[in-house]
Each structure stands twice: as C-alpha cells, then as structure tokens.
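The listed protein sequences correspond, in order, to chains E and P. The opening residue of the first sequence carries number 4 in our numbering; numbering runs sequentially from there. The opening residue of the second sequence carries number 4 in our numbering; numbering runs sequentially from there.
There are 2 protein chains.
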Amino acid sequence: MPEGKPLTAWAPPDGREVFHTNCPARQVIDHITNRWGIWVLLGLRERPLRFFEVRDRIEGISEKMLSQTLRTLVADRLVWRKVESTVPPQVTYGLTEFGEGAADHLGGMFDWIRGNAAVFTEACESERQTD
Amino acid sequence: MPEGKPLTAWAPPDGREVFHTNCPARQVIDHITNRWGIWVLLGLRERPLRFFEVRDRIEGISEKMLSQTLRTLVADRLVWRKVESTVPPQVTYGLTEFGEGAADHLGGMFDWIRGNAAVFTEACESERQTD
DNA sequence: CAGTATCCTGGGGGATACTG
DNA sequence: CAGTATCCCCCAGGATACTG
Numbered sequence: 004m005p006e007g008k009p010l011t012a013w014a015p016p017d018g019r020e021v022f023h024t025n026c027p028a029r030q031v032i033d034h035i036t037n038r039w040g041i042w043v044l045l046g047l048r049e050r051p052l053r054f055f056e057v058r059d060r061i062e063g064i065s066e067k068m069l070s071q072t073l074r075t076l077v078a079d080r081l082v083w084r085k086v087e088s089t090v091p092p093q094v095t096y097g098l099t100e101f102g103e104g105a106a107d108h109l110g111g112m113f114d115w116i117r118g119n120a121a122v123f124t125e126a127c128e129s130e131r132q133t134d
Numbered sequence: 004m005p006e007g008k009p010l011t012a013w014a015p016p017d018g019r020e021v022f023h024t025n026c027p028a029r030q031v032i033d034h035i036t037n038r039w040g041i042w043v044l045l046g047l048r049e050r051p052l053r054f055f056e057v058r059d060r061i062e063g064i065s066e067k068m069l070s071q072t073l074r075t076l077v078a079d080r081l082v083w084r085k086v087e088s089t090v091p092p093q094v095t096y097g098l099t100e101f102g103e104g105a106a107d108h109l110g111g112m113f114d115w116i117r118g119n120a121a122v123f124t125e126a127c128e129s130e131r132q133t134d
C-alpha cells in the first residue's frame with residue numbers, strides 16, 4: 004500500500020458494488036476466511052485464551068496452522084498477543100477492538116446459520132438423491 | 004447426515020464453545036468462506052443477477068470457479084437459480100431467504116471492516132518494517 | 001449467453017521432529 | 001508450554017478449449 008489511496012473510493016459510487024482484488028477490506032476478509040481465521044476469531048470471543056486452549060476449541064486445526072493463522076491475525080490487528088516470560092512461558096491471545104467487531108459479525112452469522120441448520124440438512128438429503 | 008443428530012447439541016452446553024468438524028453450521032460456513040462464496044453472496048445482495056453480471060462484480064474470479072461456487076451455494080439453499088429457456092438462454096441467480104440472512108451478516112462485517120480500513124493500512128505499514 | 005471438460009501448477013496445509 | 005523447521009502431498013483453482 005505504498006501510495007495512500009483514498010479508501011472511501013472502494014465504496015460503491017452508483018450502488019453497483021464491485022469487489023476489487025486490492026480493496027483493503029477484501030484482503031482482510033480473505034485473511035479471515037483463509038480456512039482457519041474465522042474459527043480462531045470465534046474461539047477467542049468468550050475470553051482471551053492460551054495457545055493450546057485455542058487449539059482445543061477448534062477441531063481439526065494443526066499447531067502449524069494455528070500458529071500461522073494467529074500471526075496473520077495479529078499482523079492484521081484483529082488479535083493481540085501477550086507473552087508472560089515465566090517458566091513455562093505463557094502466551095495469551097485475545098481480540099482487539101477491531102477483532103471484536105469482526106468476530107461479532109461472524110458470530111452473528113454463525114449463530115444464525117446454526118439456527119437454520121434444518122435448511123442445510125434438507126439440502127444434504129436432496130443432494131443424496133441427485134448423486 | 005444419515006442419523007438425525009440433534010442439531011441443538013452443537014450449542015455450547017457450558018459456555019465453552021467448541022467448533023466441531025461435523026457441525027452443520029461449520030460446514031455451511033466452510034462453503035461460504037471457500038475463497039469465493041462470500042463474494043458471490045455479497046454480489047447478489049443488491050438484486051438477482053445473471054451469470055456474467057456476477058462475474059463482472061467480482062474481480063479475479065474465473066468462470067469455472069464462479070460456476071462451481073454457485074452450484075455449491077444453490078445446493079446449500081443459500082442461492083436460487085432460474086433458467087429462462089430463451090435463445091440465448093438467460094440464467095438468473097438470487098439470494099434465498101436463508102442466503103439473505105447470511106449475506107446480511109457478511110455485508111455488515113464487510114462494511115464495518117471497510118470503515119476500519121485505516122487499522123489495516125497501519126498494520127501493512129508496520130509489517131513493511133519487520134520484513 | 002452460460003456454462004462444461006481437460007490439463008496442469010502452486011501453495012495450502014498435514015505429519016513429524018526439533019527447540020527455548 | 002508454545003511454538004519453529006522440514007518435508008511433502010494433494011487439490012483448489014487458473015488457463016484454455018469446447019458445447020448447447
């Protein structure tokens with residue numbers, strides 16, 4: 004982002020929304036939706052967590068991916084990281100104000116989809132027919 | 004989804020949220036966040052669109068990926084598809100009620116992130132330092 | 001116009017082993 | 001405990017060509 008592009012330029016001028024590859028918001032969302040980002044953000048909603056606590060809340064995530072995802076989210080200012088230099092070391096991750104806002108939206112969507120799970124289940128059944 | 008699992012079981016029993024791989028909501032979200040899903044849903048928010056209209060609103064998407072993504076979203080009951088057997092054929096895609104709900108949450112997040120783009124821009128700058 | 005079919009490559013991401 | 005380092009595989013997804 005060398006030249007300071009006017010960020011408001013990404014708003015739709017005539018109501019016709021176009022999603023450009025270099026829209027900063029698209030880039031952030033691409034990070035969030037990079038397979039694990041959303042689950043890490045949702046996992047941190049309740050309270051800050053330590054590394055393995057996060058891992059234990061997200062079935063299927065590897066330590067490598069968790070570490071990598073956390074680093075990206077920290078770089079994006081969605082998550083903060085606090086190191087306690089005790090022995091053994093304690094590292095805590097939590098949502099920044101920015102991250103909380105994002106997580107609230109994601110959480111709202113998640114809860115809503117979960118509430119409509121029946122729709123998805125129906126879809127699964129009818130897919131079995133066409134297979 | 005052969006045996007009818009109680010979907011409410013996925014709600015956190017003790018407030019400790021865990022995201023299981025076979026949680027239906029997680030599966031739907033994994034579809035949505037499958038690189039292009041979110042952008043297709045957001046692109047359809049304003050009004051139903053034809054195939055190439057959708058493509059033109061999402062920079063960087065290939066026709067193959069658009070077609071594939073649309074099929075998944077239709078199967079998940081997030082998007083409907085209407086075929087007009089004219090010559091040339093007209094195919095229109097739009098959000099179902101289910102899809103609208105999901106898109107509203109995604110749109111809220113997108114707008115909110117866009118409004119906070121400055122946070123991300125700062126993050127980019129400080130990353131340049133550490134590189 | 002609205003797609004499929006085919007081929008092919010990059011990097012997302014898993015497994016395992018190692019470190020402060 | 002909280003990670004890195006390394007190796008390696010697989011498939012998401014791009015490019016191109018073809019079809020109803």
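Where is the CB? At the ideal position from N, CA and C, for every residue including glycine. Predicted model only: the values in this text are computed from it and were never measured.
If we cut at 9 Å on Cβ distances, does E:Met68 have a partner in chain P?
-> For the purposes of this step, residue 68 of chain E is taken as residue 65 along the first sequence, with counting starting at 1. Chain P contact via Cβ: absent.
Cβ distance (whole Å) where E:Thr36 is taken to contact P:Thr36 below 8 Å = Counting from 1 along the first sequence, the entry for residue 36 of chain E is found at position 33. Counting from 1 along the second sequence, the entry for residue 36 of chain P is found at position 33. Indeed, because the Cβ distance is near 4 Å, the residues count as touching under 8 Å.
Could you tell me whether any Cβ in chain E is nearer than 9 Å to the Cβ of P:Val82?
-> Here residue 82 of chain P corresponds to residue number 79 of the second sequence, with the count starting at 1. No - not a single Cβ of chain E is within 9 Å of the one on P:Val82.
Sorted by chain position, which residues of the same chain lie with C-beta nearer than 8 Å to E:Leu44's C-beta, five sequence neighbours on each side aside?
-> Within the first sequence, numbered from 1, the residue matching residue 44 of chain E stands at position 41. Here E:Leu44 has Ile35, Leu76, Leu81, Val82, Leu98, Gly102, Ala105, Ala106 and Leu109 as same chain residues with Cβ atoms under 8 Å from its own Cβ, once five neighbours each way along the sequence are excluded.
How is the beta strand (DSSP E) around E:Arg84 delimited, first residue to last?
-> Here residue 84 of chain E refers to the residue found at position 81 when the first sequence is read from its first residue. Boundaries of the beta strand (DSSP E) harbouring E:Arg84: Val82 to Glu87, taken from the DSSP string.
Just grab the DSSP bridge partners of P:Ile64 for me.
-> Taking the second sequence and counting its residues from 1, the one referred to as residue 64 of chain P is at position 61. None; P:Ile64 has no bridge partner.
Pick from P:Lys67, P:Asp59 and P:Lys85: whose alpha carbon is nearest that of E:Phe22?
-> Stepping through the first sequence from its first residue, residue 22 of chain E is reached at position 19. Residue P:Asp59 is the option with its Cα nearest to E:Phe22.
Residues, ordered as in the chain, of the region 27-46 of chain P that lie near chain E by beta-carbon distance below 9 Å = From the region 27-46 of chain P, only Pro27, Ala28, Arg29, Gln30, Val31, Ile32, Asp33, Ile35, Thr36, Asn37, Arg38, Gly40, Ile41, Trp42, Leu45 and Gly46 have a Cβ closer than 9 Å to chain E.
C-alpha gap between E:Ile116 and E:Val31, whole angstroms = The residue given as residue 116 of chain E occupies position 113 in the first sequence. The residue given as residue 31 of chain E occupies position 28 in the first sequence. If you take the alpha carbons of E:Ile116 and E:Val31, they lie about 22 Å apart.
Considering only residues of the same chain and omitting the five flanking positions on each side of E:Leu69, which have a CB-CB separation below 8 Å?
-> Within the first sequence, the letter at position 66 stands for residue 69 of chain E. Contacts found: Trp39, Val43, Phe54, Val57, Arg58 and Ile61.
Chain-ordered neighbours of E:Thr24 on chain P, where CB pairs are closer than 7 Å = Position 21 of the first sequence, counted from the first residue, corresponds to residue 24 of chain E. Glu62 and Gly63, listed in chain order.
Flag P:Glu87 as yes if its beta-carbon sits less than 9 Å from any beta-carbon of chain E, otherwise no.
-> Counting from 1 along the second sequence, the entry for residue 87 of chain P is found at position 84. P:Glu87 does not count as touching chain E.
With respect to the alpha helix (DSSP H) encompassing E:Leu44, which residues constitute its N-terminal and C-terminal limits?
-> As a first step, residue 44 of chain E must be located in the first sequence, where it is residue number 41. Gly40 to Gly46 is the extent of the alpha helix (DSSP H) around E:Leu44.
State buried or exposed for E:Val122, treating a residue as buried only when at least 16 other CB atoms are found within 10 Å of its CB.
-> Translated into positions along the first sequence, residue 122 of chain E becomes position 119. Classified as buried, E:Val122 has 16 or more neighbouring CB atoms from the shown chains inside 10 Å of its CB.
How big is the Cα-Cα spacing for E:Gly46 and P:Thr89?
-> Within the first sequence, numbered from 1, the residue matching residue 46 of chain E stands at position 43. Within the second sequence, numbered from 1, the residue matching residue 89 of chain P stands at position 86. Distance between the alpha carbons of E:Gly46 and P:Thr89 is about 49 Å.
Alpha helix (DSSP H) runs wholly inside the region 96-125 of chain E, at least 4 long, in chain order = 100-118
If you draw a straight line from the C-alpha of P:Met4 to the C-alpha of P:Ala78, how long is it?
-> Stepping through the second sequence from its first residue, residue 4 of chain P is reached at position 1. Stepping through the second sequence from its first residue, residue 78 of chain P is reached at position 75. Confidence at P:Met4 is low in this model, with a pLDDT of 31, below 50, so its placement is unreliable and no value can be given for it.
Going along the chain, which residues of the region 97-109 of chain E sit with their C-beta nearer than 7 Å to a C-beta in chain P?
-> Phe101, Gly104, Ala105, His108 and Leu109
Within the same chain, show all residues whose beta-carbon is closer than 6 Å to that of E:Thr95, passing over the 5 residues directly before and after it, in chain order.
-> Position 92 of the first sequence, counted from the first residue, corresponds to residue 95 of chain E. For E:Thr95, where only same-chain residues beyond five positions count, the Cβ hits under 6 Å are Pro51, Arg53 and Lys85.
Is E:Phe113 close to chain P, meaning its C-beta is less than 9 Å from at least one C-beta of that chain?
-> In the first sequence, the residue the question calls residue 113 of chain E occupies position 110. At least one chain P Cβ lies under 9 Å of E:Phe113.
Please check if any C-beta of chain E sits within less than 9 Å of the C-beta of P:Arg19.
-> On the second sequence, position 16 is the one that residue 19 of chain P refers to. So yes, P:Arg19 belongs to the interface.
Using the Cα positions of E:Glu20 and E:Asn119, report the straight-line distance between them to the nearest angstrom.
-> Position 17 of the first sequence, counted from the start, is the residue given in the question as residue 20 of chain E. Position 116 of the first sequence, counted from the start, is the residue given in the question as residue 119 of chain E. Those two C-alpha atoms are separated by around 27 Å.
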